[in-house]
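Everything on this sheet refers to the single structure shown next.
Numbering (full-length UniProt numbering), first residue to last: 1 to 206.
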């Protein structure tokens, strides 16, 4: 995997990596994966994190498979990213991270996670910084489909931590909906330009 990171940067001249939220049931903070993320740091690559199914997927019947992207995916992102925060992963690594599906419920539950951090008896088990510090360092796509939620998310971390995203080509209608949501929620034309273009250009050296 370390060699693949080098191939991505050198042979393919790409500026980022796509990551799952876990690898065959192993969390990304596992010691065996540290050399991979050390190399991502060294190469200055941005990571786009997209979930796949987890144990909740196994609970779904055949006629409930549509709940996988609706419920399981954002739940998986929330769960795994919080695990990484508490494991100190983002204290050891400083590459930029873009979270899909507006980070799942991460932004909405940041206060709850911080409350939990303050109640951990063992200081060595706590993240080094307040949870909101980590939440504010991530970047998020704007796929929410709920304008009040998008508005609260932008207020939480700022428009400069959002990038435009869609589920294209799975649903072409999503693109128009997301543009309309941004125009309704983000009043500043300069902020919309950051979301639609310039933040991604900076993150991915475009």
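Glycine is no exception: its CB is placed at the ideal position from the N, C-alpha and C atoms.
Residue i burial status per 10 Å Cβ neighbour count (16 or more: buried)
| i | result |
| --- | --- |
| residue 66 | exposed |
| residue 58 | exposed |
| residue 150 | buried |
| residue 55 | exposed |
| residue 31 | exposed |
| residue 127 | buried |
| residue 12 | exposed |
| residue 70 | exposed |
| residue 26 | exposed |
| residue 178 | buried |
| residue 47 | buried |
| residue 200 | buried |
| residue 9 | buried |
| residue 159 | buried |
| residue 63 | exposed |
| residue 181 | buried |
Nonlocal neighbours in the same chain, by C-beta distance under 8 Å from residue i, ignoring five residues either side
| i | result |
| --- | --- |
| residue 20 | 49, 50, 51, 52 |
| residue 28 | 19, 21, 22, 37, 80, 84, 89 |
| residue 166 | 143, 174, 175, 178 |
| residue 60 | 67, 68, 72 |
| residue 78 | 103, 104, 105, 106, 109 |
| residue 198 | none |
In DSSP terms, what residue i is bridged to
| i | result |
| --- | --- |
| residue 163 | 141 |
Cut-off 7 Å between Cβ atoms - residues of its own chain near residue i, not counting five sequence neighbours on either side
| i | result |
| --- | --- |
| residue 196 | 164 |
| residue 75 | 56, 104 |
| residue 205 | 15 |
| residue 184 | 147 |
| residue 73 | 51, 101 |
| residue 94 | 41 |
| residue 186 | 154, 159, 192, 195 |
Other residues of its chain near residue i: CB distance less than 6 Å, five sequence neighbours each side excluded
| i | result |
| --- | --- |
| residue 193 | none |
| residue 131 | 110, 113, 114, 117 |
| residue 107 | 153, 156 |
| residue 120 | 126 |
| residue 35 | 2 |
| residue 134 | 85, 90 |
| residue 203 | 46, 96 |
| residue 136 | 157 |
| residue 138 | 97, 99 |
| residue 87 | 29 |
Residue i beta carbon near the ligand PLP (any heavy atom closer than 7 Å)
| i | result |
| --- | --- |
| residue 124 | The ligand PLP is absent from the structure shown, which contains no ligands of any kind. |
Complete alpha helix (DSSP H) runs within the region 5-61 (minimum length 4 residues, chain order): 34-43
message: Report the start-end ranges of each alpha helix (DSSP H) in the region 63-148 that is 4 residues or longer and not cut off at the edges.
response: 73-86, 89-92, 110-118, 131-137
field: Three CB pairs or more closer than 8 Å across the region 144-162 and the region 101-117
entry: yes
The region 1-10 contacting the region 29-40, beta-carbon criterion three pairs below 8 Å: yes
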